[in-house]
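The numbering used here applies: residue 66 is where the sequence shown begins, and numbers increase by one. C-beta: ideal position from N, C-alpha, C; glycine also. To start, the structure under review is shown below, and the notes come after it.
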Amino acid sequence: KKLIKALEDIDFILITHIHEDHLDVDFLRLYAGKKTKIIFPRVYGWKYFETISKKIGIQEQLHIIDFKEKLTVGNLEIKAIQSVNTDSVNTSDKIAEYKLSIDAGFIVSEKSASRVAFMADNNPYNHEELKKAFKEIGKVNLFCISHSGFASDYPFNYGYSKEECIDKYKRLELNRQDKQLKNI
Numbered sequence: 066k067k068l069i070k071a072l073e074d075i076d077f078i079l080i081t082h083i084h085e086d087h088l089d090v091d092f093l094r095l096y097a098g099k100k101t102k103i104i105f106p107r108v109y110g111w112k113y114f115e116t117i118s119k120k121i122g123i124q125e126q127l128h129i130i131d132f133k134e135k136l137t138v139g140n141l142e143i144k145a146i147q148s149v150n151t152d153s154v155n156t157s158d159k160i161a162e163y164k165l166s167i168d169a170g171f172i173v174s175e176k177s178a179s180r181v182a183f184m185a186d187n188n189p190y191n192h193e194e195l196k197k198a199f200k201e202i203g204k205v206n207l208f209c210i211s212h213s214g215f216a217s218d219y220p221f222n223y224g225y226s227k228e229e230c231i232d233k234y235k236r237l238e239l240n241r242q243d244k245q246l247k248n249i
């Protein structure tokens, strides 16, 4: 709460996907009823996030944007961009043919042409996807990416107890393995 008070009014919050380390419900609840826009790309979990937004009172502030759609906030333009962490996904897999990814990113541009790219995908990055993305993104002044680990190792980077970390890790990895086995 001290951080929120120190930040005072902020214009927008970018959320790239529904993993707990990117979508903190308690943090968002602190912005309920404020002018802050909460921006989420139309990726896997967007309907789930709509449901959550109603429960925590931010539904009027939520903006779910499609890829290539632009949202203007003050003198900034925000555009959702697709993930580039598809190195382990083969084009013949049904997952690759599904148009919704679980991860995404944003390009934030200002009228003076400063551009920042925020990517929240987890590695491994697909070099062909990176080339396509940068062709579309164009020149940026700052390119931000998340850590280079798997999504399931995030609890170890937060203040959870050792037991909670291991429990969260196992839950995420078992879920991931079950899905991969079904796909195979």
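Quiz item: Beta-carbon separation of Glu142 and Ser174 under 8 angstroms?
Solution: As a working note, residue 142 is residue 77 in the sequence shown. As a working note, residue 174 is residue 109 in the sequence shown. A contact, by the Cβ cut-off of 8 angstroms.
Quiz item: If you run the structure through DSSP and keep just helix, strand and coil, what is Val205?
Solution: The residue labelled residue 205 in the question sits at position 140 within the sequence shown. Looking at Val205 - three-state DSSP - the assignment turns out to be coil, as it is neither helix nor strand.
Quiz item: According to DSSP, is Phe118 helix, strand or coil?
Solution: For this step, residue 118 is matched to residue 53 along the sequence shown. What sits at residue 118 in the sequence shown is Ser, not Phe. In the structure shown, Ser118 sits in a helix (DSSP, three-state: H, G or I).
Quiz item: Taking the alpha-carbon positions, what's the Gln58 to Lys197 distance?
Solution: This structure leaves residue 58 out entirely; the chain is present only between 66 and 249.
Practice problem: Let me know if Ala178 comes out buried or exposed under the rule of 16 or more other beta-carbons within 10 Å of its beta-carbon. | Solution: For the purposes of this step, residue 178 is identified with residue 113 of the sequence shown, where counting begins at 1. The residue is exposed, with fewer than 16 neighbouring Cβ atoms inside 10 Å.
Exercise. Whole angstroms is fine: what's the gap from Glu115's alpha carbon to Gln124's?
Key: As a working note, residue 115 is residue 50 in the sequence shown. As a working note, residue 124 is residue 59 in the sequence shown. Those two C-alpha atoms are separated by around 7 angstroms.
Self-check item: Within 8 angstroms, strictly: CB atoms of Ile121 and Phe105
Solution: As a first step, residue 121 is located in the sequence shown; it is residue number 56 there, counting from the start. As a first step, residue 105 is located in the sequence shown; it is residue number 40 there, counting from the start. Taking 8 angstroms as the Cβ cut-off, Ile121 and Phe105 do not qualify as a contacting pair.
Quiz prompt | Three-state class that DSSP yields for Glu125 in the structure shown | solution = The sequence position of residue 125 within the sequence shown is 60, counting from 1. Reduced to three states, the DSSP call for Glu125 is coil.
Quiz item: What number of angstroms, rounded off, separates the C-alpha of Tyr109 from the C-alpha of Gly139?
Solution: As a position in the sequence shown, residue 109 is number 44, starting the count at 1. As a position in the sequence shown, residue 139 is number 74, starting the count at 1. Using only the alpha carbons, I get a separation of about 28 angstroms.
Quiz item: Who are the Cβ neighbours of Tyr113 in its own chain at under 8 angstroms, not counting the five residues just before and after it?
Solution: Sequence index remark: in the sequence shown, residue 113 carries index 48 (1-based). Cβ within range, chain order: Ile83.
Quiz prompt | Buried versus exposed, by CB contacts within 10 Å (16 or more), Ala71 | solution = Here residue 71 refers to the residue found at position 6 when the sequence shown is read from its first residue. Exposed is the call here.
Exercise. Please report the residue range of the beta strand (DSSP E) in which Lys102 lies.
Key: Within the sequence shown, residue 102 is the residue found at index 37, counting from 1. Lys102 -> beta strand (DSSP E) spans 102 to 106.
Exercise. For my contact list, Ile80 and Ile103 are in at a C-beta cut-off of 8 angstroms; report their separation, rounded to the angstrom.
Key: By one-based count along the sequence shown, residue 80 stands at place 15. By one-based count along the sequence shown, residue 103 stands at place 38. Indeed, because the Cβ distance is near 7 angstroms, the residues count as touching under 8 angstroms.
Quiz item: Which one of Asp74, Leu237, Ile172, Leu93 has the shortest CA to CA distance from Phe132?
Solution: Taking the first residue of the sequence shown as 1, we reach residue 132 at position 67. The residue with the shortest Cα to Cα distance from Phe132 is Ile172.
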